[in-house]
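What the sequence shown shows, in mature numbering (1 follows the signal peptide of the UniProt record, and there is no 0), is residues -23 to -1, 1 to 298, in sequence order.
In what follows, a single structure is set out as C-alpha cells and then discussed.
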Amino acid sequence: MSRFFRSLPKSVLAAAPLASVSAVSVLISERSIAPIVIVISINMSCEMQIDKEKERSVGGSNPLEQFVILAKSARGAAAVELVKQVLEAPGVHVFAELLDTDSIKELANGPHSVYYELLRIFAYGTYREYMQLKDRLPEITPGMKKKLQHLTIVSLATKMKCIPYSVLLQELDMKNVRDLEDLIIEAIYSDIIHGKLDQRNSQLELDYAIGRDVQPGDLAKISATLQAWCDACEAVLVCVESQIVKANAEKNKSLKHKESIEQEVANIKKTLKSQTQDSDEAMNTDMREQSGHGSHQTDKSKKGFRVKNLRSGSAKFWQKS
C-alpha cells in the first residue's frame, strides 16, 4: 500500500496535509500480473475548500472577466503579455470572449499574429493541433501545455464517454501511461473532469467535463443535436400520453368490475339474510307446534292415571266388605 501512495502525483501528495483520503479501493496482488483498477476519492478539508473559494472570489463568477477588462486598453506588446497571462492563469478554460475584443483581434493582422493563433487553439483546438503547428507558433510553458492537454481531454469527452488510453496517448503526445494517469488525476482534482481510471481495460471513464468555447461553425451541429433531442422528447411524450390513456381505461374497467363484484356480494348477503330469517321463522313455528302437542298428551296421561286409580280403589273397597 505504501508503494501505491508513493506512486501518486506530486500535486496530490503535496496536498496530503490538507486532504483526507476517504476511500481508496485498490484491487492489487503482489503476485498478480493482470492490470488493476484504482478508484480514488479525496475529501478536501475546510482549509482547502476555503482556499478554493478565495480563488473563485478573486476572479468572480467569470475568471476571464478581469482579462477582458484589461484587454480594452491593451495594445501591441501589452496585448501579447495579456494573452500569455490568460493562458497561464489557473481556472481559466474559455477564451472566446477575449478573442472577440478589438485589441486581441488586432493581433491577428500584425507582427504578433502567432499569439492570436495560439489563443485561438486554446479556445477551440487541441494539443495535437498545436503540435502540428508547433514550428510556427510560440513555445508554450509547462503550465500552458498541461492546460491545453486538459482541454484536449474535455474535447474528447464530447465524443466518447470511455476514452481508451491509446487514444489519449496519441492525442496528448505522451509515451508513458504513468504520466498520462498523473495528468488525468490532476484534471479530476481540478474539477475539469469527473471520472475514474479503469486500468483493467486501459481507459478513462468520464462522468462530467467542463464546457469549452463553441466555434461559429459548430452552431448548426449543436442545433441539429438539440432538434434531435427535442424530437426524441416529443416521441417519448406521445408514448407516455398513450400509456396514460391506456392506464386510465384499465383503471375504469377495474373500477367497474370492482363495483359489479361488490354489488353481487351485497345481493348474496341480502339473499342469505332473507333465507336465514325464513328458516328461523319455520323453526320457531315447529317448536311451538311440538310444545303444544306435548302438553295435550300430558293432560291425557294425567286423566287416564286418575281413572285407573279410582277403579283400583273401588275394587279394594268391595273386597273388604
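The C-beta atom is built at its ideal place from N, Cα and C for all residues, glycine as well.
Return the first residue and the last residue of the alpha helix (DSSP H) that residue i is part of.
i    : result
H171 : No alpha helix (DSSP H) contains H171, which is instead part of the beta strand (DSSP E) from I170 to D175.
I130 : P119 to A134
F72  : Looking at the DSSP string, F72 is not in any alpha helix (DSSP H), and its letter there is neither H nor E.
D156 : V154 to Y166
K61  : A54 to E65
L47  : E42 to A48
R113 : Run containing R113: none; DSSP gives neither H nor E here.
Report all residues from its chain with a CB closer than 8 Å to the CB of residue i; omit the five preceding and five following residues, and keep chain order.
i    : result
D150 : Y104, R105 and M108
I199 : V191
A48  : A56, L59, L75, T78, S80 and I81
K152 : L146
F44  : L59, Q62, V63, A66, V69 and L75
Once DSSP output is grouped into helix, strand and coil, what is the label at residue i?
i    : result
S2   : Low confidence applies to S2: its pLDDT is 35, below 50, so where it sits in the model is not reliable, and the reading given next is rough at best. Correct three-state label for S2: strand.
P193 : helix
A51  : coil
L149 : coil
N225 : helix
N39  : coil
T262 : helix
P12  : Note on P12: pLDDT 41, under 50, position unreliable in the model; the coordinate value appears next. DSSP places P12 in coil when its eight states are reduced to three.
T202 : helix
T248 : helix
T78  : coil
T103 : coil
Along the chain, where does the beta strand (DSSP E) containing residue i start, and where does it finish?
i    : result
P88  : Unbroken run through P88: none, as it is neither H nor E.
A186 : Q180 to A186
Would residue i be called buried (16 or more neighbouring beta carbons within 10 Å of its own) or exposed?
i           : result
Y185        : exposed
T129        : buried
I238        : exposed
E148        : buried
K221        : Looking at the sequence shown, residue 221 is not Lys but Ile. By the neighbour-count rule (16 or more Cβ atoms within 10 Å), I221 is not buried but exposed.
V63         : buried
Q126        : buried
H70         : buried
E158        : buried
G194        : exposed
H234        : exposed
K250        : exposed
residue 306 : Outside the displayed range of the chain (-23 to 298) lies residue 306, so it cannot be described from this structure.
K124        : buried
I161        : buried
Which residues in the same chain have their Cβ closer than 6 Å to the Cβ of residue i, if we skip the five residues on either side of it in sequence?
i    : result
R189 : V131
A73  : A100 and D190
K297 : Note that K297 scores a pLDDT of 46, beneath 50, so its modelled location is shaky; the value from the coordinates is reported in the next line. Cβ within range, chain order: n/a, list empty.
L133 : I140
L287 : Unreliable positioning characterises L287 in this predicted model, as indicated by a pLDDT of 49, which lies under 50. A coordinate reading is not provided.
G120 : E65
Any idea which residues DSSP pairs residue i with across the strands?
i    : result
I140 : L181
Closer than 7 Å by C-beta to residue i: which residues in its own chain qualify, once you throw out the five before and the five after it? Chain order, please.
i    : result
Y92  : V57, V60, L84 and P115
I170 : I130, V131, A134, A164, L183, Y185 and A186
How about residue i: is its Cβ closer than 7 Å to a heavy atom in the ligand SAM?
i    : result
E148 : Absent from the structure shown: the ligand SAM. Ligands present: none.
Within 8 Å (strictly less), CB to CB, does residue i reach chain D?
i    : result
K230 : Absent from the structure is chain D; it holds one protein chain and no more.
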